[in-house]
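K.L.:
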Amino acid sequence: MVFQTQLRFSTTGRGTYNISQQIAEAITQSGIKTGIAHIFLQHTSASLVLCENADPSVRSDLEAFMARLVPDGDPIFKHQDEGPDDMPAHIRTILSGDSLSIPVRKGKSDLGLWQGIFLWEHRVHPYKRTISLTILGE
Amino acid sequence: MVFQTQLRFSTTGRGTYNISQQIAEAITQSGIKTGIAHIFLQHTSASLVLCENADPSVRSDLEAFMARLVPDGDPIFKHQDEGPDDMPAHIRTILSGDSLSIPVRKGKSDLGLWQGIFLWEHRVHPYKRTISLTILGE
Amino acid sequence: MVFQTQLRFSTTGRGTYNISQQIAEAITQSGIKTGIAHIFLQHTSASLVLCENADPSVRSDLEAFMARLVPDGDPIFKHQDEGPDDMPAHIRTILSGDSLSIPVRKGKSDLGLWQGIFLWEHRVHPYKRTISLTILGE
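Chains as they are written, first to last, in my numbering: chain A, 1 to 138; chain B, 139 to 276; chain C, 277 to 414.
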């Protein structure tokens, strides 16, 4: 059994967005009880991560770390077509990943207690982002 | 055909633990001959990686590199509720990933010769870790 | 429905190789219309990434960034059996990932407009690389 849909999100610029609820609703809609939900972001400048979902300072610390690791406007980058956050957004995406697979168990996502699913926008300005969601199972 | 189970591990603190054997046994138990095994760690401070499984110095070098990249007690981090290794553990997990998908072929994991499956504990103290394992195929 | 095959590539040394076309052909060959394609590299010193596929300077900037982040011959590394690029290749692989899952929709890979699938060779010298490809769906 296969269920497939698209989800659309509007970001307000760089930062993390909790999308666990939208994924949970799509899993319920699929009717699949046991299997895998594959969440795929169709972009190269935003990513999908599982992150601690209780203390917001975890995500601001994560952002601070990444800003230091891959600095905007770093002179090492030649590709700056869309501004100083363009190439860093591509690298942040490759380091953190643009796809997640989540187990589906008893009709729900089988996440750990502290795990939330986050869309991580790496561009400074707002963007529209699309997820291709596929659920396989029984 | 879907097979799903949980695996539990007790770590003795920060470091890599070869879990290839436990995954191999679960694949055999599933009876699935061709498909995908999805190994999902239900935590945000430990990860799952494929790593060279012959020379242990590969994994100690990996640990040394990560300790330098994401230093414990870095003053950039505000989230230190559970100690100086708390926030670094979350970042290490996001950089290295908490889920792996492995091909199943002829009833076995179709790994390369040098690939081993490792649970990577990022917290300094011992923890109990749970994997949600789903195998899809025929 | 499950389709499984192996793909082989010869690299000419460190750099990114666009393999989107070979993956597209395998998806067509599978006859699967809706599902997931799981692309798994059987190595610990090369990786698979989705990257912006229009401007080649994105990939040269990515290479420059990674060369700075994980320098060849870094004295922190004890494992140098196969030369100064040996251990950096293992770390680059763990940071960027050796497996990708791609949605299959209407018989094609459901990538975003700017996403290409790249094999990223991390060793300086040429290597032969093998992908285990599994497609699940209907």
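All C-beta atoms in this analysis are idealised placements derived from N, C-alpha and C, irrespective of residue type, glycine included.
The alpha helix (DSSP H) with serine 336 (chain C) in it runs from where to where?
P.N.:
Reading the third sequence from its first residue, position 60 is the one you call residue 336 (chain C). Where serine 336 (chain C) is concerned, the enclosing alpha helix (DSSP H) stretches over 332-345.
K.L.:
Taking 9 Å as the threshold (beta carbon to beta carbon), is glycine 137 (chain A) in contact with chain B?
P.N.:
Within the first sequence, numbered from 1, the residue matching residue 137 (chain A) stands at position 137. With 9 Å as the cut-off, glycine 137 (chain A) counts as an interface residue toward chain B.
K.L.:
Just to confirm before moving on: does the CB-CB distance between cysteine 189 (chain B) and threonine 149 (chain B) stay below 9 Å?
P.N.:
On the second sequence, residue 189 (chain B) is found 51 positions in, with the first residue counted as 1. On the second sequence, residue 149 (chain B) is found 11 positions in, with the first residue counted as 1. Going by C-beta atoms, cysteine 189 (chain B) is not nearer than 9 Å to threonine 149 (chain B).
K.L.:
Which residues in the same chain have their Cβ closer than 8 Å to the Cβ of arginine 390 (chain C), if we skip the five residues on either side of it in sequence?
P.N.:
For the purposes of this step, residue 390 (chain C) is identified with residue 114 of the third sequence, where counting begins at 1. Per the sequence presented here, residue 390 (chain C) reads as tryptophan, with arginine not at that position. The answer, listed in chain order, is Glu328, Asn329 and Ala330.
K.L.:
What residue range does the beta strand (DSSP E) around glutamine 142 (chain B) cover?
P.N.:
Here residue 142 (chain B) refers to the residue found at position 4 of the second sequence. Run containing glutamine 142 (chain B): 140-148, per the beta strand (DSSP E) assignment.
K.L.:
Taking only the alpha-carbon atoms, compute the straight-line gap between lysine 246 (chain B) and glutamate 63 (chain A) and give it to the nearest angstrom.
P.N.:
As a position in the second sequence, residue 246 (chain B) is number 108, starting the count at 1. As a position in the first sequence, residue 63 (chain A) is number 63, starting the count at 1. If you take the alpha carbons of lysine 246 (chain B) and glutamate 63 (chain A), they lie about 40 Å apart.
K.L.:
Take proline 71 (chain A) as the anchor and find which of A:Asp81, A:Glu82 and A:Ile91 has the nearest alpha-carbon.
P.N.:
Taking the first sequence and counting its residues from 1, one reaches residue 71 (chain A) at position 71. It is A:Ile91 whose Cα lies nearest to the Cα of proline 71 (chain A).
K.L.:
Output, in chain order, the set of chain C residues within a Cβ distance shorter than 9 Å of phenylalanine 141 (chain B).
P.N.:
Sequence index remark: in the second sequence, residue 141 (chain B) carries index 3 (1-based). Result: empty, since nearest Cβ-Cβ is about 14 Å, beyond 9 Å.
K.L.:
So with Cβ pairs under 9 Å, would you call glutamate 190 (chain B) a contact of chain C?
P.N.:
Position 52 of the second sequence, counted from the start, is the residue given in the question as residue 190 (chain B). Yes, glutamate 190 (chain B) counts as interfacial toward chain C.
K.L.:
For threonine 182 (chain B), collect the residues of the same chain with a Cβ closer than 7 Å to its Cβ; drop the 5 residues on either side in sequence, then sort them by chain order.
P.N.:
Within the second sequence, numbered from 1, the residue matching residue 182 (chain B) stands at position 44. Answer for threonine 182 (chain B): His228 and Thr231, listed in chain order.
K.L.:
Suppose the cutoff is 6 Å on Cβ atoms and the five residues either side in sequence are ignored; what does the same chain contact list for proline 364 (chain C) look like?
P.N.:
Stepping through the third sequence from its first residue, residue 364 (chain C) is reached at position 88. Contacts found: Val346 and Asp348.
K.L.:
Could you work out which residues of chain C lie near phenylalanine 77 (chain A), taking near to mean beta carbons separated by less than 7 Å?
P.N.:
Counted from its first residue, the first sequence places residue 77 (chain A) at position 77. Simply Asp337.
K.L.:
Within the 9 Å Cβ cut-off, does threonine 272 (chain B) reach chain C?
P.N.:
The residue given as residue 272 (chain B) occupies position 134 in the second sequence. Judged by the 9 Å Cβ criterion, threonine 272 (chain B) is not in contact with chain C.
K.L.:
Go through the region 152-178 of chain B residue by residue and report every complete run of the beta strand (DSSP E) that reaches 3 residues or more, in order.
P.N.:
Qualifying beta strand (DSSP E) stretches, in chain order: 153-156.
K.L.:
Residues of the region 360-388 of chain C in Cβ contact with chain B at a cutoff of 7 Å, in chain order, please.
P.N.:
The residues in question are Met363, His366, Ile367, Ile370, Leu371, Gly373, Asp374, Ser375 and Ser377.
K.L.:
Taking any Cβ of chain A, which residues in the region 165-179 of chain B have a Cβ under 7 Å from it, in chain order?
P.N.:
Cβ contacts with chain A: His176 and Phe178.
K.L.:
Which residues in the same chain as lysine 106 (chain A) place their Cβ atom closer than 7 Å to its Cβ, once the five residues preceding and following it in sequence are excluded?
P.N.:
Within the first sequence, numbered from 1, the residue matching residue 106 (chain A) stands at position 106. Taken in chain order, the residues that qualify are Lys33.
K.L.:
So what does threonine 320 (chain C) bridge to, in DSSP terms?
P.N.:
Residue 320 (chain C) sits at position 44 when you count from the first residue of the third sequence. Answer is none; threonine 320 (chain C) lacks a bridge partner.
K.L.:
Any C-beta of chain B sitting closer than 9 Å to the C-beta of arginine 14 (chain A)?
P.N.:
As a working mapping, residue 14 (chain A) is identified with position 14 in the first sequence. Closer than 9 Å: no.
K.L.:
In whole angstroms, what is the alpha-carbon distance linking valine 334 (chain C) and arginine 129 (chain A)?
P.N.:
The residue labelled residue 334 (chain C) in the question sits at position 58 within the third sequence. The residue labelled residue 129 (chain A) in the question sits at position 129 within the first sequence. Looking at the two C-alpha atoms, the distance is approximately 20 Å.
K.L.:
Ends of the beta strand (DSSP E) at isoleucine 240 (chain B)?
P.N.:
Along the second sequence, read from residue 1 onward, the residue named residue 240 (chain B) stands at position 102. Its beta strand (DSSP E) spans residues 237-243.
K.L.:
Could you name the residues of chain C that histidine 43 (chain A) contacts, counting a contact when the two beta carbons are closer than 7 Å?
P.N.:
The residue you call residue 43 (chain A) lines up with position 43 of the first sequence. Within 7 Å Cβ-Cβ: Gly388.
K.L.:
Can you tell me the Cβ-Cβ gap for valine 187 (chain B) and glycine 151 (chain B), rounded? I've got them flagged as a contact below 8 Å.
P.N.:
By one-based count along the second sequence, residue 187 (chain B) stands at place 49. By one-based count along the second sequence, residue 151 (chain B) stands at place 13. Their Cβ separation, rounded to whole angstroms, is 17 Å, which puts valine 187 (chain B) and glycine 151 (chain B) out of contact at 8 Å.
K.L.:
Which residues in the same chain have their Cβ closer than 6 Å to the Cβ of glycine 307 (chain C), if we skip the five residues on either side of it in sequence?
P.N.:
For the purposes of this step, residue 307 (chain C) is identified with residue 31 of the third sequence, where counting begins at 1. Taken in chain order, the list of residues that qualify is empty.
K.L.:
Closest to isoleucine 157 (chain B) by CA distance: which of B:Thr272, B:Pro264, B:Glu276 and B:Leu257 is it?
P.N.:
Here residue 157 (chain B) is taken as the residue at index 19 of the second sequence, counted from 1. Cα-wise, what sits closest to isoleucine 157 (chain B) is B:Leu257.
K.L.:
Using CA coordinates, which residue listed in B:Pro194, B:His217 and B:Tyr265 is at the minimum distance from glycine 254 (chain B)?
P.N.:
Start at 1 with the first residue of the second sequence, and residue 254 (chain B) comes out as number 116. It is B:Pro194.
K.L.:
Anything in chain A within Cβ reach of serine 333 (chain C), meaning under 8 Å, just list it in chain order.
P.N.:
To locate residue 333 (chain C), count along the third sequence from 1; it is residue 57. Under the 8 Å cutoff, chain A gives Lys78 and His79.
K.L.:
Going along chain C in order, which residues have a C-beta closer than 8 Å to the C-beta of valine 338 (chain B)?
P.N.:
In the structure displayed, chain B extends from 139 to 276; residue 338 (chain B) sits before or after that span and is not available.
K.L.:
In terms of alpha-carbon separation, which member of B:Thr272, B:Gln160, B:Val262 and B:Leu271 lies closest to alanine 205 (chain B)?
P.N.:
On the second sequence, position 67 is the one that residue 205 (chain B) refers to. Comparing Cα positions, the closest option is B:Val262.
K.L.:
From the DSSP secondary-structure annotation, give me the bridge partner or partners of arginine 399 (chain C).
P.N.:
Mapped onto the third sequence, residue 399 (chain C) falls at position 123. In DSSP, arginine 399 (chain C) forms no bridge with anything.
K.L.:
Glutamine 253 (chain B) CB to nearest chain C CB: under 9 Å?
P.N.:
The residue given as residue 253 (chain B) occupies position 115 in the second sequence. Output row for glutamine 253 (chain B): interface = yes.
K.L.:
Give me the residue from A:Gly137, A:Glu138, A:Ser132 and A:Ser60 with the minimum Cα distance to arginine 8 (chain A).
P.N.:
Counting from one through the first sequence, the residue named residue 8 (chain A) turns up at place 8. Ranking the options by Cα distance to arginine 8 (chain A), first place goes to A:Ser132.
K.L.:
Which of the three DSSP states is assigned to leucine 274 (chain B) in this structure?
P.N.:
As a working mapping, residue 274 (chain B) is identified with position 136 in the second sequence. Residue state, collapsed to three classes: strand.
K.L.:
Closer than 9 Å, CB to CB, is threonine 406 (chain C) near chain B or not?
P.N.:
Counted from its first residue, the third sequence places residue 406 (chain C) at position 130. Chain B, which has a Cβ nearer than 9 Å to the Cβ of threonine 406 (chain C), makes this yes.
K.L.:
Going along the chain, which residues of its own chain have a beta-carbon closer than 7 Å to the beta-carbon of methionine 277 (chain C), five neighbours each way excluded?
P.N.:
Taking the third sequence and counting its residues from 1, one reaches residue 277 (chain C) at position 1. Here the set comprises Ile308, Gly413 and Glu414.
K.L.:
Tell me the DSSP bridge mates of serine 385 (chain C)?
P.N.:
Your numbering for residue 385 (chain C) matches position 109 in the third sequence. Paired residues: C:Val380.
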